[in-house]
Amino acid sequence: MKQASLAPRPVARPFAPRAIALVALCALPLLLAAPASAHHLMDLTGMKPGVVSGLLSGLAHPILGPDHLLFLLAIGLVGIVQPFRWVLALLGCGLVGNALGLALPGFPWIEPLVALSVTLTGLVLARRLPPAVLVPAFLLHGYALSGAVLGWEPTPIGFYLVGLLVSQSLLLLVALTAVRGWRRRASSGAVNITAGLLMGIGLAFTWSALVA
Numbered sequence: 008m009k010q011a012s013l014a015p016r017p018v019a020r021p022f023a024p025r026a027i028a029l030v031a032l033c034a035l036p037l038l039l040a041a042p043a044s045a046h047h048l049m050d051l052t053g054m055k056p057g058v059v060s061g062l063l064s065g066l067a068h069p070i071l072g073p074d075h076l077l078f079l080l081a082i083g084l085v086g087i088v089q090p091f092r093w094v095l096a097l098l099g100c101g102l103v104g105n106a107l108g109l110a111l112p113g114f115p116w117i118e119p120l121v122a123l124s125v126t127l128t129g130l131v132l133a134r135r136l137p138p139a140v141l142v143p144a145f146l147l148h149g150y151a152l153s154g155a156v157l158g159w160e161p162t163p164i165g166f167y168l169v170g171l172l173v174s175q176s177l178l179l180l181v182a183l184t185a186v187r188g189w190r191r192r193a194s195s196g197a198v199n200i201t202a203g204l205l206m207g208i209g210l211a212f213t214w215s216a217l218v219a
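All you need for the working numbering is the position in the sequence shown, starting with 1, plus 7.
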């Protein structure tokens with residue numbers, strides 16, 4: 008009779024705390040999502056367009072919009088291997104989108120399309136789409152973000168765009184360092200759960216934008 012092996016059985020690793028934190032990060036914007044709510048600092052403070060208010064509004068706008076914030080952070084999850092080049096490419100597309108939004112406002116369905124881009128990142132994370140599709144998606148975000156300053160004077164608009172560029176740059180750098188670092192260490196199960204959450208939250212954002 009063979010003696011039973013005394014070697015300890017491998018213990019399944021628990022769902023890592025960082026994975027739980029990321030899941031919470033994905034779920035939080037869903038709780039904050041409300042049709043046409045506080046995407047703009049001016050809506051919260053009642054400030055008039057000016058140099059300071061334009062700069063502060065540009066800095067805060069990507070953070071106050073949960074769909075924009077989640078999209079920027081989720082970019083770090085999708086296997087991008089050249090962060091600096093990607094930051095330049097995405098920010099360049101964002102600026103092109105800003106210019107198009109100021110020159111040709113009124114593109115229909117822009118908010119639902121921006122919300123749907125969160126689902127797009129989930130599909131990229133699930134390897135159903137290539138990361139390159141995020142480039143035109145970022146252009147849509149830039150277009151949508153320019154709508155907040157239509158009718159402003161050129162100087163406040165300029166400072167708003169500067170604040171927007173700084174805010175998005177910092178968020179992208181966080182996404183492409185800290186978030187991407189978690190992605191490299193995460194189990195396949197945690198990545199699949201996160202991809203599903205992104206797709207589900209993106210669809211919820213899209214529905215919210217459609218019924219607003």
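In this text, a Cβ means the ideal position worked out from N, Cα and C, and glycines have one as well. Values in this document were obtained by computation on a predicted structure and should not be read as measured data.
- Spatial neighbours of asparagine 105 in its own chain (CB-CB distance under 8 Å, excluding positions within 5 residues in sequence) are listed in chain order as Gly149, Tyr150, Leu152, Ser153, Leu168, Leu171.
- By the beta-carbon neighbour count (other beta carbons within 10 angstroms, threshold 16), leucine 179 is buried.
- Secondary structure note for glycine 65: its alpha helix (DSSP H) is the uninterrupted segment 58-71.
- Comparing C-alpha distances from serine 176 to each of Leu71, Val140, Ile200, Leu79 shows the shortest one belongs to Leu79.
- Spatial neighbours of alanine 139 in its own chain (CB-CB distance under 6 Å, excluding positions within 5 residues in sequence) are not present.
- Note on geometry: alpha-carbon atoms of valine 198 and glycine 83 lie some 12 Å from one another.
- Distance from the CA of alanine 67 to the CA of methionine 54, rounded to the nearest whole angstrom, comes to 14 Å.
- Burial of alanine 193 is indicated by the presence of at least 16 other C-beta atoms within 10 angstroms of its C-beta.
- Around the Cβ of threonine 184, a 10 Å sphere holds fewer than 16 other Cβ atoms; the residue is exposed.
- Look at the beta carbons and you see the region 118-127 touching the region 207-214: at least three pairs across the two are nearer than 8 Å.
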